[in-house]
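For the sequence shown, this note's numbering assigns the number 493 to the initial residue and increments by one for each residue that follows. Written below as structure tokens is the structure these notes are about.
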Amino acid sequence: EMHDDDEEAAEDGDIVLLLEEDPTILPERFQSKWAHLPVLGTVQVQLERLPTTDQVEKLLSANRVICLASGNQGSLQRYYFYAQSAGSEGHLLSECMIDVQALLSITVKGDDRNAMRFIPYLEKAFLPLTTSSPTPQKGSP
Numbered sequence: 493e494m495h496d497d498d499e500e501a502a503e504d505g506d507i508v509l510l511l512e513e514d515p516t517i518l519p520e521r522f523q524s525k526w527a528h529l530p531v532l533g534t535v536q537v538q539l540e541r542l543p544t545t546d547q548v549e550k551l552l553s554a555n556r557v558i559c560l561a562s563g564n565q566g567s568l569q570r571y572y573f574y575a576q577s578a579g580s581e582g583h584l585l586s587e588c589m590i591d592v593q594a595l596l597s598i599t600v601k602g603d604d605r606n607a608m609r610f611i612p613y614l615e616k617a618f619l620p621l622t623t624s625s626p627t628p629q630k631g632s633p
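Structure follows, in structure tokens:
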């Protein structure tokens, strides 16, 4: 029955991904998986403005995606996130980078059966930070 719900919702354009409320991973386990798993997909999203680290982490944790580590590399914000889909032993892993032009780059890896759904799920999670117009604003400082 649950399976049917999933399919119906997916047809409606909803990203159906039920995530654990308290996912866990040891930092060294994350690093090991990140080093060995292939990239499942990457996507770029133009944000409206440069968010604070706090904004990004709160937004994603509200979507049950937990920040393992974050930091600045020069003018680049870099984040490592993880999540687990309900009942899964595997993990959903992501590296997110935001450049000085507020361009977000999402890279996803994972050994969770729903790993491919994690890309659109993250895009949706970041929606509150995206620009309301579809084209990036040129010419603003």
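Even for Gly, the Cβ is constructed at its ideal location relative to N, Cα and C.
Segment limits, alpha helix (DSSP H) that includes residue i
| i | result |
| --- | --- |
| Glu549 | 545-554 |
| His528 | 519-528 |
First through last residue of the beta strand (DSSP E) which encompasses residue i
| i | result |
| --- | --- |
| Arg570 | 568-575 |
| Ser562 | 558-565 |
| Val508 | Run containing Val508: none; DSSP gives neither H nor E here. |
| Thr534 | 533-538 |
Rounded C-alpha distance that separates residue i from residue j
| i | j | result |
| --- | --- | --- |
| Glu549 | Pro543 | 10 Å |
| Ile558 | Glu540 | 22 Å |
| Gln576 | Gln569 | 24 Å |
| Gln523 | Glu512 | 20 Å |
| Val508 | Arg556 | 13 Å |
| Asn606 | Ala594 | 28 Å |
| Gly582 | Asp604 | 4 Å |
| Leu514 | Ala527 | A quick correction: the sequence has Asp, not Leu, at residue 514. Near 23 Å, if we compare the C-alpha coordinates of Ala527 and Asp514. |
| Leu551 | Ala617 | 7 Å |
| Thr545 | Leu510 | 25 Å |
| Leu619 | Leu560 | 21 Å |
| Lys525 | Ile517 | 10 Å |
| Gln538 | Ile598 | 11 Å |
| Ala554 | Arg609 | 18 Å |
| Met589 | Tyr571 | 6 Å |
| Leu532 | Asp591 | 22 Å |
| Gln547 | Val600 | 20 Å |
| Gln565 | Pro530 | 24 Å |
| Tyr613 | Arg521 | 23 Å |
Expected contact under 8 Å - CB spacing of residue i and residue j to nearest Å
| i | j | result |
| --- | --- | --- |
| Leu585 | Gly563 | With a Cβ gap of about 17 Å, Leu585 and Gly563 do not count as contacting. |
| Glu615 | Val535 | 6 Å |
For residue i, the residue or residues it bridges with in DSSP
| i | result |
| --- | --- |
| Ser586 | Phe573, Val600 |
Near the ligand PLP: residue i beta-carbon under 6 Å from a heavy atom
| i | result |
| --- | --- |
| Tyr574 | The ligand content of the structure shown is nil, which means the ligand PLP is not present either. |
### Task
Go through the segment 591-623 residue by residue and report every complete run of the beta strand (DSSP E) that reaches 3 residues or more, in order.
As far as the segment 591-623 is concerned, its whole beta strand (DSSP E) runs of at least 3 residues are 595-602.
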